[in-house]
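Position 68 (the sequence shown) corresponds to 73 in the numbering used here; numbering is contiguous.
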Amino acid sequence: MKILFKYILLSAALLLTMALLASLTARSQRFPVQATVQLSPPYSLYLADYAAPGSQRLGLNVLLRDLARPELQTRLRLRIESQGLSITTRADYRPQPLFLQGGVPLILTSDDLAPYFNPEHLDFQGITKQQIQKGGALPEGLYRICFEVLEYNSGIAVSNLGCATAWLVLNDPPLINLPANGDKPRVQEPQNILFQWTPRHTGSPNAAFATEYDFQLVELWPENRDPNNAIQSMPPI
6 MKILFKYILL
16 SAALLLTMAL
26 LASLTARSQR
36 FPVQATVQLS
46 PPYSLYLADY
56 AAPGSQRLGL
66 NVLLRDLARP
76 ELQTRLRLRI
86 ESQGLSITTR
96 ADYRPQPLFL
106 QGGVPLILTS
116 DDLAPYFNPE
126 HLDFQGITKQ
136 QIQKGGALPE
146 GLYRICFEVL
156 EYNSGIAVSN
166 LGCATAWLVL
176 NDPPLINLPA
186 NGDKPRVQEP
196 QNILFQWTPR
206 HTGSPNAAFA
216 TEYDFQLVEL
226 WPENRDPNNA
236 IQSMPPI
């Protein structure tokens with residue numbers, strides 16, 4: 006009877022300890038800051054596209070939920086992850102601090118997040134910095150783009166790991182139908198030239214309904230000039 010009683014006491018103590026540890030673990034995961042990442046299609050394989058001025062591809066919402074804390078000085082850590090590939094903010098990178106106010110959401114756009122996509126501020130695994138700097142694309146695949154908020158001086162995470170997931174592929178360019186290569190349209194009044202192309206992205210999971218085209222027309226002068234050189238150097242008309 007005494008042995009059974011001791012066993013019951015030990016079991017109860019073990020269960021109590023486990024419950025306490027679970028409670029402490031749950032509390033430790035209740036970060037004072039909430040981070041939410043928004044990723045908008047069409048998704049790009051080029052890091053520079055996410056940092057382009059005026060880009061609306063990426064957004065981060067940050068909220069300090071601890072109303073008792075008047076201000077918190079923070080910085081961010083970027084993580085880009087795929088199979089066999091990882092890109093992370095360098096531990097020694099010190100950007101301008103972000104000041105969070107209790108209960109006041111902070112909305113960051115691509116312009117605000119651009120420094121975090123600078124290859125000089127990143128550590129690379131599975132791909133080299135030189136590949137990215139030379140305009141190389143990330144390998145196609147399923148990616149997670151994540152941000153977490155760190156206390157500025159200590160580097161301790163004070164938020165959840167906010168992530169957005171997307172399948173990144175490089176779509177084929179459209180096929181030009183009209184005018185045909187080398188064709189010389191006739192001069193007529195009024196002048197009306199039809200430009201037509203066939204898209205090749207309609208089967209894409211991320212760009213089928215979110216692709217836009219930029220159309221430019223430049224003068225080819227003199228006539229034997231390389232068209233590729235003209236489109237890169239002449240002002241559009």
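The C-beta atom is built at its ideal place from N, Cα and C for all residues, glycine as well.
- Considering only C-alpha positions, which residue in the set Pro37, Gln43, Tyr51, Gln39 is nearest to leucine 173? When only C-alpha atoms are compared, the closest one is Tyr51.
- Can you tell which of Pro232, Gly108, Ala119 has the C-alpha that lies nearest to the C-alpha of glutamine 101? Ala119
- Query: At which residues does the beta strand (DSSP E) containing leucine 127 begin and terminate?
  - Reply: 127–130
- Item | Stretch pair the stretch 120–134 + the stretch 83–101: three plus CB contacts closer than 8 Å | The stretch 120–134 makes contact with the stretch 83–101, as at least three CB pairs between them are under 8 Å.
- Can you tell me whether glutamate 153 is buried or exposed, with buried defined as 16 or more other CB within 10 angstroms of its CB? That one is buried.
- Query: Nearest to threonine 199 by CA position, among Pro184, Val192, Leu65, Arg205, is which residue?
  - Reply: For the sequence presented, residue 199 should be read as leucine rather than threonine. Ranking the options by Cα distance to leucine 199, first place goes to Pro184.
- proline 47: buried (16+ other C-beta within 10 angstroms of its C-beta) or exposed? buried
- Message: Using C-beta distances below 6 Å, list every residue in its chain close to leucine 68, excluding the 5 sequence neighbours before and after it, in chain order.
- Response: Cβ neighbours of leucine 68 beyond the five flanking positions: Gln39, Pro110.
- Item | Own chain residues within Cβ distance below 6 Å of leucine 147, not counting five before or after | Trp172
- Task: Identify every residue that forms a DSSP beta bridge with asparagine 66.
- Result: Thr41, Ile112
- Closest by CA to isoleucine 132, which one among Ile85, Arg62, Glu156? Ile85
- Message: DSSP three-state label for leucine 83, please.
- Response: Strand.
- Quick one: grab the DSSP three-state call for leucine 222. coil
- Spatial distance of leucine 63 from isoleucine 161 (CA atoms): 24 Å
- Where does isoleucine 92 sit, in a helix, a strand or coil, going by DSSP? strand
- For arginine 35, is the classification buried or exposed, using 16 other Cβ atoms within 10 angstroms of its Cβ as the cut-off for buried? exposed
- Task: Could you tell me the distance, in whole angstroms, from the CA atom of arginine 32 to the CA atom of leucine 77?
- Result: Confidence at arginine 32 is low in this model, with a pLDDT of 43, below 50, so the placement of that residue should be treated as unreliable; the coordinate-derived value is given next. Their Cα atoms are separated by approximately 20 Å.
- Task: Measure from the alpha carbon of leucine 180 to the alpha carbon of each residue in Leu65, Lys134, Thr203, Gln237, then state which is nearest.
- Result: Thr203
- Counted within 10 angstroms of its Cβ, other Cβ atoms place alanine 24 as buried (16 or more) or exposed: Annotation note: pLDDT 43 at alanine 24 (below 50); position unreliable, coordinate value reported separately. The residue is exposed, with fewer than 16 neighbouring Cβ atoms inside 10 Å.
- Query: With a Cβ-Cβ cutoff of 8 Å, do tyrosine 157 and threonine 79 count as a contact?
  - Reply: The beta carbons of tyrosine 157 and threonine 79 sit closer together than 8 Å.
- Where do the ends of the alpha helix (DSSP H) carrying alanine 235 lie? 232–238
- For tyrosine 51, the three-state DSSP class (helix, strand or coil): Three-state DSSP puts tyrosine 51 in coil, outside helix and strand.
- Quick one: give me the first and last residue of the alpha helix (DSSP H) that isoleucine 137 is part of. 134–138
- Locate the beta strand (DSSP E) running through glutamate 201, then write down its first and last residues. The question names glutamate, but residue 201 is glutamine in the sequence shown. Glutamine 201 -> beta strand (DSSP E) spans 201–203.
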